[in-house]
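*Asks:* Attaching a single structure in structure tokens format; questions to follow.
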Amino acid sequence: MEATPLNTGIVFYSRSGHSERLASKLSHRLNGTLIRMSAPRYSFGVFGYMRAGYDSLRQNCVLEPQSFASLAKFDQVVICGPVWTSYPATPIRALLRTDVGFPQNVALFLTSSSHSPAQKAWAVAAQDLGRSFVATAMLGNSLEGTDKGQRLIDQFLDELGAIHHPKPTG
Ligand SMILES: Cc1cc2nc3c(=O)[nH]c(=O)nc-3n(C[C@H](O)[C@H](O)[C@H](O)COP(=O)(O)O)c2cc1C
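Counting from 65, one number per residue, gives the positions in the sequence shown under the numbering used here.
Structure representation (structure tokens):
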């Protein structure tokens, strides 16, 4: 008998597109629902960038209004977003701190420009959530679209529960 596929939500925040492309790949592989997080306070050019850095350093994590009220309908949720000042980006941290009905299985996939220690960002995120993630990964921008990047994604999906979905061709 075939196993029932898990209902997976892929919640992402992306300021400049890297995490969005990653989340889109993950949603394809997991046959999941892609959910974009909104954070207009960081949208506008250099000012948005500076505010992101400032808020992150101050650990000022604000959750602006989102398109979803709860994530309780999902069997598992994958959170995807960038690293800011060595922490997960503040919208991600704000979400992890809320009572938004996370399922038991929550996984975290961060993107970075490669000079951040992954363990530190994962640990801070787990503290925000109040428990461990079922899978964690970090993809440096320079690995995007490379074989090594693909292997990182494969490893993450294996860690997440050996859910076998077709690998993209080409
Ligand atoms: C305010 C700010 C702070 C950042 N701090 C770090 C950092 O500490 N370490 C790092 O490796 N990358 C850092 N980055 C780079 C992003 O993590 C990286 O470019 C990421 O892939 C961006 O994801 P996005 O395109 O989905 O927004 C920072 C980016 C911003 C905007």
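Glycine is no exception: its CB is placed at the ideal position from the N, C-alpha and C atoms.
Roughly how many angstroms lie between the CA atoms of Ala187 and Phe197, to the nearest whole one?
*Replies:* Going from the Cα of Ala187 to the Cα of Phe197 covers about 10 Å.
*Asks:* With a CB to CB cut of under 7 Å and the five nearest residues on each side skipped, what residues in its chain are close to Gln130?
*Replies:* Answer for Gln130: Met101 and Ser102, listed in chain order.
*Asks:* For Ala133, does the three-state DSSP call read helix, strand or coil?
*Replies:* Reduced to three states, the DSSP call for Ala133 is coil.
*Asks:* Using a threshold of 9 Å, state whether the C-beta atoms of Thr97 and Ser88 are closer than that.
*Replies:* Result no, Cβ atoms of Thr97 and Ser88 do not sit closer than 9 Å.
*Asks:* Tell me the DSSP bridge mates of Ala189?
*Replies:* None; Ala189 has no bridge partner.
*Asks:* For Ala153, is the beta carbon positioned less than 8 Å from some heavy atom of ligand 1?
*Replies:* The answer is yes for Ala153.
*Asks:* By Cβ distance below 8 Å, which residues in the same chain neighbour Ala116 in space, the five residues on each side in sequence not counted?
*Replies:* The answer, listed in chain order, is Arg79, Tyr106, Trp148, Ala153 and Thr154.
*Asks:* Please indicate yes or no: does the CB of Glu128 lie closer than 8 Å to some heavy atom of ligand 1?
*Replies:* Checking every heavy atom of ligand 1 against the Cβ of Glu128, none is found closer than 8 Å.
*Asks:* Where does the unbroken alpha helix (DSSP H) through Val198 begin, and where does it stop?
*Replies:* That residue, Val198, is in no alpha helix (DSSP H); it is neither H nor E in DSSP.
*Asks:* Closer than 6 Å by C-beta to Leu224: which residues in its own chain qualify, once you throw out the five before and the five after it? Chain order, please.
*Replies:* Correct list, in chain order: Ala171 and Ala199.
*Asks:* Taking the beta carbon of Met114 as the centre, do at least 16 other beta carbons fall within 10 Å, making it buried, or is it exposed?
*Replies:* Classification of Met114: exposed, given that the 10 Å Cβ count is below 16.
*Asks:* So Lys184 packs on Ser206, CB below 8 Å; how close in whole Å?
*Replies:* Actually they do not touch by this definition, with Cβ atoms about 20 Å apart.
*Asks:* Under 9 Å, do Gly194 and Thr175 count as touching if we go by C-beta distance?
*Replies:* Contact: no.
*Asks:* Pro146: beta carbon under 8 Å from a heavy atom of ligand 1?
*Replies:* Yes, since a heavy atom of ligand 1 falls inside the 8 Å radius drawn around the Cβ of Pro146.
*Asks:* At what residues does the alpha helix (DSSP H) containing Leu70 begin and finish?
*Replies:* Premise fails: Leu70 is in no alpha helix (DSSP H) and is neither H nor E.
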